[in-house]
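Under the numbering used here, think of the first position of the sequence shown as 96, with each following residue one higher.
Backbone N, C-alpha and C fix where the C-beta goes; we use that ideal spot for every residue, glycine too.
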Amino acid sequence: MEKTFNEIPHVTENTSIPAAIKFWEIYLKDQEKSVYTIKAFLGDLGLLIKFLPPDTAIGQITTADLNHFIEWLENGRGRNISCSPKSLARRITTLKSFFRWLFEHGRIPIDPAEKIVQRSVISPLPTVLTEEEINNAIDASDTFRFMEKSDARPAALLRILLETGMKKSECLNLKRSHLEMENQNPYVYIRYADAKDRNKERKISLSEECVLVLQEYISQYAPEDALFPWSPRRLEYILEDIGKAARLDQHISFSMCRWNSALIDWKSGQEKNKIRQKLGISKIQWREICSKLEKLHAQT
Numbered sequence: 096m097e098k099t100f101n102e103i104p105h106v107t108e109n110t111s112i113p114a115a116i117k118f119w120e121i122y123l124k125d126q127e128k129s130v131y132t133i134k135a136f137l138g139d140l141g142l143l144i145k146f147l148p149p150d151t152a153i154g155q156i157t158t159a160d161l162n163h164f165i166e167w168l169e170n171g172r173g174r175n176i177s178c179s180p181k182s183l184a185r186r187i188t189t190l191k192s193f194f195r196w197l198f199e200h201g202r203i204p205i206d207p208a209e210k211i212v213q214r215s216v217i218s219p220l221p222t223v224l225t226e227e228e229i230n231n232a233i234d235a236s237d238t239f240r241f242m243e244k245s246d247a248r249p250a251a252l253l254r255i256l257l258e259t260g261m262k263k264s265e266c267l268n269l270k271r272s273h274l275e276m277e278n279q280n281p282y283v284y285i286r287y288a289d290a291k292d293r294n295k296e297r298k299i300s301l302s303e304e305c306v307l308v309l310q311e312y313i314s315q316y317a318p319e320d321a322l323f324p325w326s327p328r329r330l331e332y333i334l335e336d337i338g339k340a341a342r343l344d345q346h347i348s349f350s351m352c353r354w355n356s357a358l359i360d361w362k363s364g365q366e367k368n369k370i371r372q373k374l375g376i377s378k379i380q381w382r383e384i385c386s387k388l389e390k391l392h393a394q395t
């Protein structure tokens, strides 16, 4: 069984930064952080190891050292390697998390990253469809249902994405058993296998029209487990085919459907907290998304 950080007595202010990072990795795994989060954190701190002298102890690192490190990242690391604003913001977050962790556990007397200014990065507004384009896309998806070789898959996929605002990963993990369509108030249950993501689970209502199309789709394809048992790329192609059939200028994507779903609710006067809960996001994430929805509403 892996030891937690508090059970490891050998980390002091004289510990080298590579050794301290190894113990942080143990701690992050113990906290059940995702492998992608841990990989990103370790990659960011790997750059700090390259920047500082190899024998630097964690207690010797100052705020000035970290600011010089950030300047080094911004200036291309001496090799003309650009650091995007988003990457830089994440690396500053990593520094703050790592040194705060050391300080709060009493391993260093002062947190050198506390006074570093966090860089905020607001990504550009997402591309969304107009109300007319959404209707055209829905009509186009229905044309596949009424062809000689009927295919309800495009209509089912598009409708459930627009109605629920679920993410691509959630759609791929959606199982037939997560649909409740016999109930008087039909819904889809967004579920997560990992216990740490249980706070994202939610039930989202489905319209009568969506239920009818989903039943038609299930009757045609008879999915046994996964509701849409195809690769992510195949489902993306289906959305693109709908866009082409509707003669749209832009490709329809999972992200576009998610934003359009939230925007439809926003325009209808839906309570903001209910939109946040429907999307399955935290209150912190909601701040930026809320701001973007407000701007999108003003533009459309």
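Check, Outcome
"Going by DSSP in three states, Ile121 sits in which element: helix, strand or coil?", "helix"
"Who are the near neighbours of Leu358 in its chain, counting only those whose CB is closer than 8 Å to its CB and skipping five residues on each side?", "Val223, Leu388, Leu391, His392 and Thr395"
"Span of the alpha helix (DSSP H) holding Tyr131?", "Val130 to Phe146"
"Which partner residues of Ile285 appear in the DSSP bridge assignment?", "Arg297"
"Using the C-alpha atoms, what's the distance from Thr157 back to Trp381?", "34 Å"
"Could you tell me how far apart the beta carbons of Arg202 and Glu277 are, in whole angstroms, since I believe they sit closer than 8 Å?", "With a Cβ gap of about 57 Å, Arg202 and Glu277 do not count as contacting."
"Hey, is the region 278 to 292 in contact with the region 349 to 356, meaning 3+ C-beta pairs nearer than 8 Å?", "no"
"Could you name the residues of the same chain whose beta carbon sits closer than 7 Å to that of Glu243, not counting the 5 residues immediately before and after it, in chain order?", "none"
"What do you reckon, are the CB atoms on Tyr284 and Lys270 nearer than 7 Å?", "no"
"Residues bridged to Lys270 by DSSP?", "Ala321"
"Measuring alpha carbon to alpha carbon, tell me which residue in Val306, Lys367 and Lys373 is nearest Ser386.", "Lys367"
"Between the beta-carbon of Phe164 and the beta-carbon of Leu137, is there less than 7 Å?", "no"
"So, using beta-carbon positions, are Ala208 and Leu161 closer together than 7 Å?", "yes"
"If you count every other CB in all the chains shown that lies within 10 Å of the CB of Thr110, and 16 or more means buried, which is it?", "buried"
"Give the DSSP-derived three-state secondary structure of Ala208 in the structure shown.", "coil"
"Per DSSP, Leu111 is paired with what?", "Per the sequence shown, the amino acid found at residue 111 is Ser instead of Leu. Its beta-bridge partners are Ala152."
"Within 10 angstroms of the Cβ of Gly260, are there 16 or more other Cβ atoms? Answer buried if so, exposed if not.", "buried"
"Rounded to whole angstroms, how far is the Cβ of Asn355 from the Cβ of Ile211, which I believe are closer than 8 Å?", "Incorrect: roughly 38 Å between the Cβ atoms, too far for contact."
"Which word fits Lys145, buried or exposed, when buried means at least 16 other C-beta atoms lie within 10 angstroms of its C-beta?", "exposed"
"For Glu275, which of helix, strand or coil comes out of DSSP?", "strand"
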